[in-house]
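Just below is one structure, and these are the notes that go with it.
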Amino acid sequence: MAEETGISWATSTFNPWIGCTKVSPGCDNCYAETLATTRLGAEWGPRALRRRTSPGNWAKPRAWNRKAEKTGQPWRVFCSSLADVFDNRAPEGAREDLWELIRATPALTWMLLTKRPRNIPGMLPADWGDGWAHVWLGTSVENQVEAERRIPALLDVPAALHFLSCEPLLAPVDLYRVAEGNGWIRDALVGMRWHPGRTADVRQGCRSEGHRRIGWVIAGGESGNCARPLEAAWALTLRDQCDAVGIPFHFKQWGGPSPKLAGHLLDGAERLAVPA
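Number 1353 in my numbering belongs to position 113 of the sequence shown; there are no gaps in the numbering.
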């Protein structure tokens, strides 16, 4: 499935620059920081300069686009695996150049995953409108606290598709009940909001319909020698919630010190769905 990446839900990865800052518990054992600082010689952290990647690297998406146009096969690009597109410290001009590159490669599906969804509105191109058809916006969610911090912010922004990466999944996450902080609770998978003061049941009573919803959920355990364990019940709950409303669910890995050995079967089955 992956031509230039071992990530099961992507065809390729593209990093316009390298470097980031830890912002939540999911970042504690960041694989990208380890790779960037030990093998790529890049800096990391709030004071570190983000390093723009080479012109040769920037040329790759155009080549992928030509190939995708020729073959007609889906080509999903994960941007950025070693950075955050919506980082405040992006190199000068790099994000603007990235939008130009994305605009010029419509045969690719660009997946922009961020831990900073509140930054998105101020960093989108002027012609974003209701979202570009070939760009999906996603946010990382490792526990319920971050779900309630990030999902409403993500869904405030129009996009062709909104997705979640619940990896590393560090605690239970309930996508049926995402508190918005204003007394309202959102069912992030159905696109509905309700108020506990009016009804305690998300499926009955007062329903505010027609809201944006999550269209894809990825889940997986943390990898590495210091990996925190993933409990099966957490992944199964996400699977069951997605299945109940027809949302594609992708279980990437159990993780641990030897992710390949641990495998990716969930309840004895592969769950590697991606949106059509």
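Even for Gly, the Cβ is constructed at its ideal location relative to N, Cα and C. Quantities reported herein were computed from a predicted structural model and do not represent experimental measurements.
Would you check if the distance between the CB atom of residue i and the CB atom of residue j is smaller than 8 Å?
{"i": "leucine 1322", "j": "proline 1357", "result": "no"}
{"i": "alanine 1400", "j": "alanine 1373", "result": "yes"}
{"i": "proline 1301", "j": "threonine 1345", "result": "yes"}
{"i": "phenylalanine 1318", "j": "threonine 1354", "result": "no"}
{"i": "glycine 1460", "j": "leucine 1409", "result": "yes"}
{"i": "isoleucine 1454", "j": "leucine 1505", "result": "no"}
{"i": "glycine 1266", "j": "glutamate 1382", "result": "yes"}
{"i": "valine 1413", "j": "leucine 1478", "result": "yes"}
{"i": "proline 1497", "j": "valine 1514", "result": "no"}
{"i": "methionine 1351", "j": "arginine 1316", "result": "yes"}
{"i": "isoleucine 1247", "j": "threonine 1293", "result": "no"}
{"i": "arginine 1452", "j": "glycine 1431", "result": "yes"}
{"i": "leucine 1338", "j": "proline 1398", "result": "no"}
{"i": "methionine 1363", "j": "arginine 1335", "result": "yes"}
{"i": "threonine 1311", "j": "glycine 1285", "result": "no"}
Hey, how far is the Cα of residue i from the Cα of residue j?
{"i": "leucine 1568", "j": "glycine 1333", "result": "In the structure as shown, the chain starts at 1241 and stops at 1516, and residue 1568 therefore has no counterpart that could be examined."}
{"i": "valine 1375", "j": "phenylalanine 1491", "result": "22 Å"}
{"i": "cysteine 1270", "j": "tryptophan 1424", "result": "33 Å"}
{"i": "arginine 1329", "j": "alanine 1366", "result": "20 Å"}
{"i": "threonine 1278", "j": "alanine 1272", "result": "10 Å"}
{"i": "arginine 1390", "j": "glutamine 1384", "result": "10 Å"}
{"i": "glutamate 1283", "j": "tryptophan 1456", "result": "32 Å"}
{"i": "alanine 1276", "j": "glutamate 1407", "result": "19 Å"}
{"i": "proline 1295", "j": "arginine 1511", "result": "37 Å"}
{"i": "aspartate 1507", "j": "leucine 1476", "result": "8 Å"}
{"i": "asparagine 1297", "j": "glutamate 1386", "result": "32 Å"}
{"i": "proline 1361", "j": "glycine 1503", "result": "38 Å"}
{"i": "alanine 1303", "j": "serine 1320", "result": "18 Å"}
{"i": "cysteine 1482", "j": "asparagine 1422", "result": "25 Å"}
{"i": "glutamate 1202", "j": "glycine 1437", "result": "Lying outside 1241 to 1516, the shown extent of the chain, residue 1202 is not represented and no answer is given."}
{"i": "tryptophan 1434", "j": "histidine 1402", "result": "20 Å"}
{"i": "glycine 1450", "j": "glycine 1281", "result": "47 Å"}
{"i": "arginine 1468", "j": "alanine 1411", "result": "10 Å"}
{"i": "alanine 1299", "j": "aspartate 1370", "result": "27 Å"}
{"i": "proline 1499", "j": "arginine 1287", "result": "32 Å"}
{"i": "alanine 1484", "j": "serine 1380", "result": "22 Å"}
{"i": "alanine 1509", "j": "leucine 1341", "result": "38 Å"}
{"i": "glycine 1495", "j": "alanine 1308", "result": "31 Å"}
{"i": "proline 1392", "j": "isoleucine 1458", "result": "18 Å"}
When burial is assigned at 16 or more other CB atoms within 10 Å of the CB, is residue i buried or exposed?
{"i": "glycine 1493", "result": "Correcting the residue identity first, residue 1493 is glutamine in this sequence and not glycine. Result: buried."}
{"i": "serine 1463", "result": "buried"}
{"i": "cysteine 1466", "result": "exposed"}
{"i": "leucine 1289", "result": "exposed"}
{"i": "glycine 1378", "result": "buried"}
{"i": "leucine 1501", "result": "exposed"}
{"i": "alanine 1250", "result": "buried"}
{"i": "threonine 1349", "result": "buried"}
{"i": "aspartate 1480", "result": "exposed"}
{"i": "arginine 1291", "result": "buried"}
{"i": "arginine 1396", "result": "The sequence given here places aspartate at residue 1396; arginine does not occur at that position. Exposed is the call here."}
{"i": "proline 1314", "result": "exposed"}
{"i": "arginine 1426", "result": "buried"}
{"i": "alanine 1516", "result": "exposed"}
{"i": "glutamate 1388", "result": "buried"}
{"i": "alanine 1473", "result": "exposed"}
{"i": "arginine 1443", "result": "At arginine 1443 the pLDDT is 49, less than 50, meaning the model places this residue with poor confidence and gives no usable figure here."}
Between which two residues does the beta strand (DSSP E) holding residue i run?
{"i": "valine 1485", "result": "No beta strand (DSSP E) contains valine 1485, which is instead part of the alpha helix (DSSP H) from 1472-1485."}
{"i": "alanine 1459", "result": "1456-1459"}
{"i": "cysteine 1466", "result": "Counting along the chain, cysteine 1466 falls outside any beta strand (DSSP E), and DSSP gives it neither H nor E."}
{"i": "phenylalanine 1403", "result": "1401-1406"}
{"i": "leucine 1377", "result": "1375-1380"}
{"i": "valine 1430", "result": "Counting along the chain, valine 1430 falls outside any beta strand (DSSP E), and DSSP gives it neither H nor E."}
{"i": "valine 1317", "result": "1316-1319"}
{"i": "histidine 1490", "result": "1489-1491"}
Which residue marks the beginning of the alpha helix (DSSP H) containing residue i, and which one marks its end?
{"i": "isoleucine 1391", "result": "1384-1395"}
{"i": "tryptophan 1339", "result": "1334-1343"}
{"i": "leucine 1501", "result": "1499-1502"}
Heavy atom of the ligand ATP less than 7 Å from the Cβ of residue i, yes or no?
{"i": "leucine 1505", "result": "Looking for the ligand ATP in the displayed structure turns up nothing, as the structure carries no ligands at all."}
Contiguous alpha helix (DSSP H) assignments of at least 4 residues, all confined to the region 1248-1313:
Runs of alpha helix (DSSP H) with 4 or more residues, each lying fully within the region 1248-1313, are found at 1271-1278 and 1295-1311, listed in chain order.
Counting only runs that start and end within the region 1347-1371, where is the beta strand (DSSP E) found for 3 or more residues in a row?
Within the region 1347-1371, the complete beta strand (DSSP E) runs of at least 3 residues are 1349-1354.
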